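K.L.:
Have a look at the structure that comes next, please.
Number of protein chains: 2
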Amino acid sequence: MGHEYTMIKTSKVTIKEVAKDAGVSVGTVSRVLAKTAEVKQPLRERVNRSIIKLKYKPNLAARALRANHVNVIGLMVPDITNPYFAQVANLLESEASKKGYALILASSHGDVNHEARQFSALLDHSPKGIVLIPTSDTIKMELPKNIRISILDRPLAEMNAIALDQGKSSALAADHLVELGHRKIAYIAGPHDIQTSIEREAGFSNRIAELQSKNDSIELTIFRGQFDYTSGEAIARDILSLVQSKRPTAIAAASDQQAIGAIRAATDMGVSVPNEVSVIGFDDIVLAELLVPRLTTIRQPVYDMVIEALDQILGRDDSICNQRYMGELIVRSTTAAV
Amino acid sequence: MGHEYTMIKTSKVTIKEVAKDAGVSVGTVSRVLAKTAEVKQPLRERVNRSIIKLKYKPNLAARALRANHVNVIGLMVPDITNPYFAQVANLLESEASKKGYALILASSHGDVNHEARQFSALLDHSPKGIVLIPTSDTIKMELPKNIRISILDRPLAEMNAIALDQGKSSALAADHLVELGHRKIAYIAGPHDIQTSIEREAGFSNRIAELQSKNDSIELTIFRGQFDYTSGEAIARDILSLVQSKRPTAIAAASDQQAIGAIRAATDMGVSVPNEVSVIGFDDIVLAELLVPRLTTIRQPVYDMVIEALDQILGRDDSICNQRYMGELIVRSTTAAV
DNA sequence: ATGTCAATATGAATCGTTTCATTTATATGA
DNA sequence: TCATATAAATGAAACGATTCATATTGACAT
Numbered sequence: 000m001g002h003e004y005t006m007i008k009t010s011k012v013t014i015k016e017v018a019k020d021a022g023v024s025v026g027t028v029s030r031v032l033a034k035t036a037e038v039k040q041p042l043r044e045r046v047n048r049s050i051i052k053l054k055y056k057p058n059l060a061a062r063a064l065r066a067n068h069v070n071v072i073g074l075m076v077p078d079i080t081n082p083y084f085a086q087v088a089n090l091l092e093s094e095a096s097k098k099g100y101a102l103i104l105a106s107s108h109g110d111v112n113h114e115a116r117q118f119s120a121l122l123d124h125s126p127k128g129i130v131l132i133p134t135s136d137t138i139k140m141e142l143p144k145n146i147r148i149s150i151l152d153r154p155l156a157e158m159n160a161i162a163l164d165q166g167k168s169s170a171l172a173a174d175h176l177v178e179l180g181h182r183k184i185a186y187i188a189g190p191h192d193i194q195t196s197i198e199r200e201a202g203f204s205n206r207i208a209e210l211q212s213k214n215d216s217i218e219l220t221i222f223r224g225q226f227d228y229t230s231g232e233a234i235a236r237d238i239l240s241l242v243q244s245k246r247p248t249a250i251a252a253a254s255d256q257q258a259i260g261a262i263r264a265a266t267d268m269g270v271s272v273p274n275e276v277s278v279i280g281f282d283d284i285v286l287a288e289l290l291v292p293r294l295t296t297i298r299q300p301v302y303d304m305v306i307e308a309l310d311q312i313l314g315r316d317d318s319i320c321n322q323r324y325m326g327e328l329i330v331r332s333t334t335a336a337v
Numbered sequence: 000m001g002h003e004y005t006m007i008k009t010s011k012v013t014i015k016e017v018a019k020d021a022g023v024s025v026g027t028v029s030r031v032l033a034k035t036a037e038v039k040q041p042l043r044e045r046v047n048r049s050i051i052k053l054k055y056k057p058n059l060a061a062r063a064l065r066a067n068h069v070n071v072i073g074l075m076v077p078d079i080t081n082p083y084f085a086q087v088a089n090l091l092e093s094e095a096s097k098k099g100y101a102l103i104l105a106s107s108h109g110d111v112n113h114e115a116r117q118f119s120a121l122l123d124h125s126p127k128g129i130v131l132i133p134t135s136d137t138i139k140m141e142l143p144k145n146i147r148i149s150i151l152d153r154p155l156a157e158m159n160a161i162a163l164d165q166g167k168s169s170a171l172a173a174d175h176l177v178e179l180g181h182r183k184i185a186y187i188a189g190p191h192d193i194q195t196s197i198e199r200e201a202g203f204s205n206r207i208a209e210l211q212s213k214n215d216s217i218e219l220t221i222f223r224g225q226f227d228y229t230s231g232e233a234i235a236r237d238i239l240s241l242v243q244s245k246r247p248t249a250i251a252a253a254s255d256q257q258a259i260g261a262i263r264a265a266t267d268m269g270v271s272v273p274n275e276v277s278v279i280g281f282d283d284i285v286l287a288e289l290l291v292p293r294l295t296t297i298r299q300p301v302y303d304m305v306i307e308a309l310d311q312i313l314g315r316d317d318s319i320c321n322q323r324y325m326g327e328l329i330v331r332s333t334t335a336a337v
């Protein structure tokens, strides 16, 4: 198994040498490089030949110094090991690289102070823009106005923001469970200080309230935790240890990770999913389809949202735009009729 | 819920203004900034006061132009949604940021040509170094010698490389299954063109061969696929559709994702894990502990490996170093005695 | 008081681009 | 054919930091 790599000497070819080789001025070479500017055909070709011949590659630092920004986009996530954020990173990296932008990844690790520091460090790199998934609604950092920011997944007013219509999307889960005949329902909410989380919870409980007006036997209990696996597991454990008569027949979670934790707990306690308790998640992370059993959930149109974020950052129109998307119910195997 | 952010005007404070404010030369300010150089106490303080007063922040692009490199580390992974690579990214980002380095994330999406292009783009950003998890053993790109490269998870000779002793670690899985009494064993291997994959397979089958010399009733069948979920699922489906008498009682996989896919398949086919078939994975991704049932696997010391990679890039010693680590057997609930 | 040496501070050159004010070449119309 | 308008190419300044050769200062010995 031979390794096919070659060592190269550090090519230190500058625009000046290209200019000399082609017998033109540096300005002309620069204008050939910036495809938009006018250079006549013969000269342009001569320059291009020299560029290829000398293997010239522009120095991004010099360019950045002049232009005041680099072809780089920043992405700040609370935690890259969260499959939902990893998926965002994956799509963003892929789409950005198609357009010639690199991605700087920063993680707030769920800490607002660390987030502020990381954000400031990100800014120092003069990126073209930053896609920010805030760790909570209280943002501690100062937002620059020369660098475009697109807030993902957390609707902040007066900013470029992209998020689900959390309320309506969450209502889909409520509808689904009630249609299946569930009348005792538990909801595992996310943290109180995140708007997204509040909206999901409100959307769910409001829809249940509507349905109650037609069918007053529906009971809803709300529990609150973090968005992660362990929180879902702990809460589900509480829920399922209620006596049979009071125990809910369905659990809706504000995230797939909570739902996965809940299934984990149910299985440990000998409660069968979906026979004895139905579980529905939120996000549709890749894993949802690979679980045993496969997870019923609400899918976010992540691809569309990432494309929109990129557009808010790279597009020429810098008007503020607050987009809302609609979730989609994906029925799999963790929900069933009572 | 008030949003606590403030808009700031683009502070365009340069070293020159700091110098003027403090009444010193730009050179002096620069030397105050570079903590190492000698500037006498009173002056140094005066400069520092001005820096704080004017909120001066150095321009990284200008610095990069002079110094020929940026405080940035590149990371190239085959796929960031793979939980193992996400964990590497998470740790690397975290450790690098402690040392003042940002992380540029690039993904090869499993394509060697794309990998080469992305690598070259990474190089253009003049990072201090690059941590590379190659998508296969045949590297198509030219490796620079002025930028340090640390190859993770794929041992390439004559390069800084960090990897598990795949063979010995894999043998742990073989030992475990045989100790549990399994005599008909299937192995789901990874792709043929990755050294890592070959070594894991060889380590497993060699250990089985050793054990056969004492106990000739052990049978091993090897199947080959990709490292991902779906490949594991498809192969497991083949394995488990064998007639009862020929069907293996244990499946060892070359990755946790394959193992998860295999459990998925078993469950779909009504084969109980671990009662009717044991499954063991490799990597110990975060998810392994959250699955139902929890996955028995071989853990990689990812943290140690990431620290070592950073050291190979940032450390002062630029001798080539080819480190091997040992995996650890983590027994959970997907393996049981026959 | 003067010369010497070391310790500090200075300022100009430099890194590799882009861009803008000029100059030079080309085409158009009278 | 010449003046004029337009297009194309040039060259130097600028971006903001670092660094090195030079200048300044102060202390000490003569």
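So the sequence lines, in the order shown, correspond to chains H and G.
Sequential numbering from 0 applies to the first sequence in numbering that gives the first Met the number 0.
Sequential numbering from 0 applies to the second sequence in numbering that gives the first Met the number 0.
Beta carbons: idealized from backbone N, C-alpha and C, even for Gly.
Predicted model, so just to flag it, every value in this text is computed and none were measured.
Taking C-beta pairs closer than 9 Å, name the residues in chain G that residue 260/H reaches, listed in chain order.
P.N.:
289
K.L.:
So is residue 80/H in contact with chain G if we call contact Cβ pairs under 8 Å?
P.N.:
Yes, its Cβ sits closer than 8 Å to a Cβ of chain G.
K.L.:
Going by C-alpha to C-alpha distance, which of 268/H, 329/H, 261/H and 72/H sits closest to residue 231/H?
P.N.:
261/H
K.L.:
Could you tell me which chain H residues have their CB closer than 8 Å to the CB of residue 55/G, listed as they occur along the chain?
P.N.:
Chain H residues near residue 55/G: none, gap ~12 Å exceeds 8 Å.
K.L.:
If you draw a straight line from the alpha carbon of residue 197/G to that of residue 219/H, how long is it in whole angstroms?
P.N.:
54 Å
K.L.:
Quick one: what's got a C-beta closer than 6 Å to residue 7/H's C-beta in the same chain, skipping five residues either side?
P.N.:
Confidence is the limiting factor: at residue 7/H the pLDDT is only 40, short of 50, which leaves the residue's position unreliable, though a coordinate-based value still follows. Correct list: empty, nothing qualifies.
K.L.:
Cβ of residue 6/H less than 8 Å from any chain G Cβ?
P.N.:
In this prediction, residue 6/H scores a pLDDT of 39, lower than 50, which makes its location untrustworthy; the coordinate-derived value is nonetheless stated afterwards. With its beta carbon less than 8 Å from one in chain G, residue 6/H belongs to the interface.
K.L.:
What residues in its chain sit with their C-beta under 6 Å from that of residue 73/H, if we drop five residues either side in the sequence?
P.N.:
103, 121, 126 and 129
K.L.:
With 8 Å set as the bound, which would you pick, yes or no: does the beta-carbon of residue 322/G sit closer than that to a beta-carbon of chain H?
P.N.:
no
K.L.:
Nearest to residue 246/H by alpha carbon, out of 229/H, 154/H, 270/H and 281/H?
P.N.:
270/H
K.L.:
In the region 86–107 of chain H, which residues sit with their C-beta less than 9 Å from some C-beta in chain G, listed in chain order?
P.N.:
Answer set for the region 86–107 of chain H: 86, 88, 89, 92, 93, 96, 99, 101, 102, 103, 104, 105 and 106.
K.L.:
Does the beta-carbon of residue 9/G have 16 or more other beta-carbons within 10 angstroms, so that it is buried, or is it exposed?
P.N.:
Caution is warranted here: a pLDDT of 44 is assigned to residue 9/G, below 50, making its placement in the model unreliable, and the coordinate value is therefore given only provisionally. The residue is exposed, with fewer than 16 neighbouring Cβ atoms inside 10 Å.
K.L.:
State the CB to CB distance for the pair residue 255/G and residue 229/G, rounded to an integer number of angstroms; the pair is presumed to be in contact (CB under 8 Å).
P.N.:
Not a contact, Cβ separation roughly 14 Å.
K.L.:
Grab me the residues of residue 5/G's own chain with a C-beta within less than 8 Å of its C-beta, minus the 5 sequence neighbours each way, in chain order.
P.N.:
For residue 5/G, the pLDDT reaches just 40, beneath the cut-off of 50, and the residue's location in the model is therefore unreliable, leaving the point undetermined.
K.L.:
Pick out whichever of 76/H, 41/H, 42/H and 20/H has its Cα sitting closest to the Cα of residue 55/H.
P.N.:
20/H
K.L.:
Between residue 263/G and chain H, is the shortest Cβ-Cβ distance under 8 Å, so that the two count as touching?
P.N.:
Residue-level contact by beta carbon holds for residue 263/G and chain H, with a gap shorter than 8 Å.
K.L.:
Taking three-plus beta-carbon pairs below 8 Å as touching, is the region 61–78 of chain G in contact with the region 61–81 of chain H?
P.N.:
When Cβ pairs closer than 8 Å are counted between the two stretches, the region 61–78 of chain G is seen to touch the region 61–81 of chain H, the count reaching three or more.
K.L.:
Would you tell me roughly how many angstroms separate the C-alpha atoms of residue 191/G and residue 118/H, rounded to the nearest one?
P.N.:
42 Å
K.L.:
On the premise that residue 26/H lies in contact with residue 70/H, defined as a C-beta separation below 8 Å, what is that separation, rounded to the nearest angstrom?
P.N.:
With a Cβ gap of about 22 Å, residue 70/H and residue 26/H do not count as contacting.
K.L.:
Run the CB neighbour count on residue 51/H, radius 10 Å, all protein chains shown included, and call it buried at 16 or more, exposed below.
P.N.:
The residue in question, residue 51/H, is exposed, as its Cβ has fewer than 16 Cβ neighbours within 10 Å.
K.L.:
Please report the distance separating the alpha-carbon of residue 152/H from that of residue 265/G.
P.N.:
36 Å
K.L.:
Is the beta carbon of residue 308/H sitting closer than 8 Å to the one on residue 96/H?
P.N.:
no
K.L.:
Tell me whether residue 57/G sits in a helix, a strand or coil according to DSSP, three-state version.
P.N.:
Looking at residue 57/G - three-state DSSP - the assignment turns out to be coil, as it is neither helix nor strand.
K.L.:
Give me the Cβ distance between residue 326/G and residue 298/G, rounded to the nearest whole Å; I'm assuming they're in contact under 8 Å.
P.N.:
6 Å
K.L.:
Taking residue 142/H as part of the beta strand (DSSP E), name the residues at either end of that continuous run.
P.N.:
141–143
K.L.:
Of all Cβ atoms in chain G, is any one closer than 8 Å to the Cβ of residue 266/H?
P.N.:
yes
K.L.:
Can you confirm whether residue 175/H, when its beta carbon is compared against all beta carbons of chain G, has any partner nearer than 8 Å?
P.N.:
no
K.L.:
Which chain G residues are close to residue 125/H, counting only those with a beta carbon under 9 Å from its beta carbon?
P.N.:
58, 59 and 60
K.L.:
Helix or strand or just coil, what does DSSP make of residue 321/G?
P.N.:
If DSSP states are grouped into helix, strand and coil, residue 321/G belongs with the strands.
K.L.:
Can you have a look at residue 134/G and say buried or exposed, based on whether 16 or more other CB atoms are within 10 angstroms of its CB?
P.N.:
Burial call: buried.
K.L.:
Skipping 5 residues on each side, what residues in its chain have a beta carbon closer than 7 Å to that of residue 90/G?
P.N.:
301, 302 and 305
K.L.:
Residues of chain H with a CB under 7 Å from the CB of residue 302/G: which are they?
P.N.:
Chain H residues near residue 302/G: none, gap ~13 Å exceeds 7 Å.
K.L.:
Quick one: Cα of residue 278/G to Cα of residue 335/H, how far?
P.N.:
28 Å
K.L.:
Between which two residues does the beta strand (DSSP E) harbouring residue 76/H extend?
P.N.:
Counting along the chain, the unbroken beta strand (DSSP E) around residue 76/H starts and ends at 71–76.
K.L.:
Let me check one thing: in DSSP terms, what residues is residue 296/G bridge-paired to?
P.N.:
Paired residue(s): 329/G.
K.L.:
On the DSSP bridge assignment, give the partners of residue 218/H in chain order.
P.N.:
183/H
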